[in-house]
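Participant: All the letters of the sequence shown, read from the start, carry residue numbers 1 to 368 under UniProt numbering.
The beta-carbon is built from N, C-alpha and C at its ideal position, and this holds for glycine as well.
A quick note: this is a predicted structure, and the numbers were derived from the prediction, not measured.
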Amino acid sequence: MSHLNCRKPLAQDVVNKIAAGEIIVAPVNALKEMMENSVDAGATAIEILVKDGGLKLLQITDNGHGIEVSKECYKSYRYANQTQKDDLPILCERFTTSKLKDFDDLRSIGTYGFRGEALASISHIAHLRVTTKTAGSSCAWQAYYQDGKLSPPKPGQSSDPKPCAGRPGTQITVEDLFYNIPNRRRAFKSPSEEYARILDVVTRYAVHCEHVSFSIKKHGEAGAGFSVAAAASKIDRIKQAHGAAARELIEFKTQNDRWGFSASGYCTTANYSAKRTTILLFINHRSVESSAVKKAIEQAYQLFLPKGGHPFVYLSLEIDPARVDVNVHPTKREVHFLSEDEIIDMVCTDIRERLTQVDTSRTFKTQT
Ligand code: ADP
Ligand code: MG
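(1) Quick one, are the C-beta atoms of Ala-30 and Leu-199 less than 8 Å apart?
(2) Any heavy atom of ligand 2 closer than 7 Å to the Cβ of Ala-118?
(3) May I ask which residues mark the beginning and end of the alpha helix (DSSP H) holding Asn-16?
(4) Counting only the same chain and skipping the five closest in sequence on each side, list residues whose C-beta sits under 6 Å from that of Lys-85.
(5) Looking at His-242: is its Cβ nearer than 8 Å to the Cβ of Thr-269?
(6) Please report the distance separating the alpha-carbon of Leu-58 from that of Val-50.
(7) To the nearest angstrom, how far is the alpha carbon of Asn-271 from that of Arg-354?
(8) Tell me which same chain residues have a C-beta within less than 8 Å of the C-beta of Met-17, skipping the five on either side of it?
(9) Quick check on Ser-290: buried or exposed, where buried means 16 or more other Cβ atoms within 10 Å of its Cβ?
(10) Decide yes or no for the touch test of the segment 346-360 against the segment 297-310: beta carbon pairs closer than 8 Å, at least 3 of them.
(11) Taking Cβ to Cβ, would you say Ser-287 is nearer than 8 Å to Arg-204?
(12) Evaluate contact between the segment 226-244 and the segment 205-216, counting only Cβ atoms and requiring at least three cross-stretch pairs below 8 Å.
(13) For Asn-284, count neighbouring Cβ atoms within 10 angstroms of its own Cβ and tell me buried if that reaches 16, exposed if not.
(14) When you compare only the Cα positions, how much space is there between Phe-312 and Arg-185?
(15) Is Gly-66 near ligand 1 - that is, is its Cβ less than 7 Å away from at least one heavy atom of it?
(16) Can Asp-254 and Val-358 be called in contact, C-beta distance under 8 Å?
(17) Looking only at its own chain, which residues have a Cβ that is under 6 Å from the Cβ of Arg-129, when we skip the five neighbours before and after it?
(18) When the Cα atoms are used, what is the spatial distance from Gly-225 to Ser-215?
(19) Quick one: what's got a C-beta closer than 6 Å to Leu-315's C-beta in the same chain, skipping five residues either side?
(20) Quick one: give me the first and last residue of the beta strand (DSSP E) that Thr-131 is part of.
(21) Just tell me which of Gly-148, Arg-197, Glu-36 has its CA closest to the CA of Val-25.
(22) Should Trp-259 and Glu-342 be called a contact, given that it needs their Cβ atoms to be closer than 8 Å?
(23) Let me check understanding here. Comparing Cα to Cα, which of Arg-247, Ala-45, Leu-55 lies closest to Glu-194?
(24) Check Thr-356 in the structure and name its three-state DSSP category.
(25) Report the rounded CA-to-CA distance for Lys-133 versus Thr-170, giving the unit in angstroms.
(26) What ranges does the beta strand (DSSP E) occupy inside the segment 238-267, keeping only unbroken runs of at least 3 residues that lie completely in it?
(27) Quick test of your reading: Ala-292 and Glu-340, contact by CB under 8 Å. State the CB separation rounded to the nearest angstrom.
(28) Does Ile-235 come within less than 8 Å of chain B when only Cβ atoms are used?
(29) Kindly indicate the opening and closing residues of the beta strand (DSSP E) around Ser-215.
(30) Which of the three DSSP states, helix, strand or coil, is assigned to Ala-143?
(31) Within 7 Å: the Cβ of Glu-36 and any heavy atom of ligand 2?
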């Protein structure tokens with residue numbers, strides 16, 4: 001039958017779109033990638049604006065080091081500046097990343113964002129606008145991207161980045177996410193659910209990133225949905241994001257050279273008990289999920305909490321990057337690492353000991 005013989009390979013743009021949809025499954029995935037880029041750029045202030053759960057608009061503004069703009073752009077606007085490299089035009093090409101120079105870097109890299117796929121992916125499934133200014137540039141530059149390439153703001157216009165006014169840092173605007181994947185778009189029933197997921201990841205980073213201010217706002221609303229000042233302490237940050245849990249925290253810290261890790265964080269005492277476990281887990285400064293960590297922590301608390309009671313734990317793990325496998329899933333959510341059992345066991349032993357100490361000192365106090 002002829003129709004069996006005429007199978008054609010998928011067109012490249014369809015392939016790109018499918019790949020992008022696997023990395024950016026929901027608005028929260030795009031926001032997380034962009035927020036991590038802001039943190040990587042050394043930002044101390046991060047502002048987020050969301051409309052319709054991020055499906056209509058996701059905008060993130062930071063005061064980080066900005067993105068270098070190509071010599072050609074400068075020349076064409078007669079702002080010749082020989083020291084600038086070409087970055088803005090290639091920003092959204094797949095696997096373009098300033099964090100990965102060659103394969104060896106994979107071992108020494110301190111961040112997870114080494115795949116150079118996030119912005120490229122977003123450009124395949126949304127309208128993307130980037131405005132950026134480095135400290136050394138006399139103006140900001142603005143560019144639009146579509147399908148991994150610079151694109152004109154309006155049909156018929158030039159797609160070259162344009163100089164404009166702006167503060168140092170970067171603003172990334174993502175509009176109409178999944179506009180070209182109607183099935184995916186329809187699958188999102190509730191913008192408020194998507195907003196809640198975005199808020200969750202923002203508050204995680206707000207707890208983790210000391211010295212950085214965060215604010216997130218829904219479009220059209222006057223006040224911020226959540227905000228934290230740059231000067232806020234760790235406990236303040238947890239209080240802003242998780243209220244009651246912050247009143248019952250103990251700090252813990254442990255490290256071990258043999259297994260090549262250090263761990264620090266805060267966990268609630270036996271006085272605190274919630275309906276569900278909350279774990280804010282950071283591995284090498286990236287928010288990740290680990291069902292192994294969650295299970296072990298819940299077990300550690302079993303002796304201390306009434307049945308059906310659950311803890312709040314913020315845990316920051318630093319592990320030799322060569323031992324962490326972040327690419328088990330395209331969204332980099334669930335993470336595995338070498339000697340997982342040993343490391344988790346040591347962390348949970350430490351938490352248990354701290355809980356016991358607090359417990360006995362309290363018993364002692366009430367007895368005297
Ligand atoms: P990756 O983070 O894996 O390198 P991304 O697609 O997330 O890939 O980003 C591509 C590149 O764009 C980054 O390596 C960085 O150089 C630049 N970039 C993106 N966002 C920002 C930002 N907010 N500030 C400065 N540079 C940025
Ligand atoms: Mg990134």
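Facilitator: Straight from the coordinates:
(1) no
(2) yes
(3) 12-23
(4) Only weak support is given to the placement of Lys-85: the predicted model assigns it a pLDDT of 42, under 50, and the question is left unresolved by the model.
(5) no
(6) 5 Å
(7) 13 Å
(8) For the record, residue 17 in the displayed sequence is Lys; it is not Met. Cβ within range, chain order: His-124, Ile-125, Asn-180, Ile-181.
(9) buried
(10) yes
(11) yes
(12) yes
(13) buried
(14) 34 Å
(15) yes
(16) With the sequence shown as reference, residue 254 is identified as Thr, and Asp is not the correct amino acid for it. Against a cut-off of 8 Å, the Cβ pair of Val-358 and Thr-254 comes out as no contact.
(17) Tyr-144, Thr-173
(18) 8 Å
(19) Gly-265, Leu-281
(20) 127-133
(21) Arg-197
(22) yes
(23) Leu-55
(24) helix
(25) 6 Å
(26) 249-256
(27) 6 Å
(28) The chain inventory of the structure shown lacks chain B, comprising one protein chain alone.
(29) 213-218
(30) strand
(31) yes
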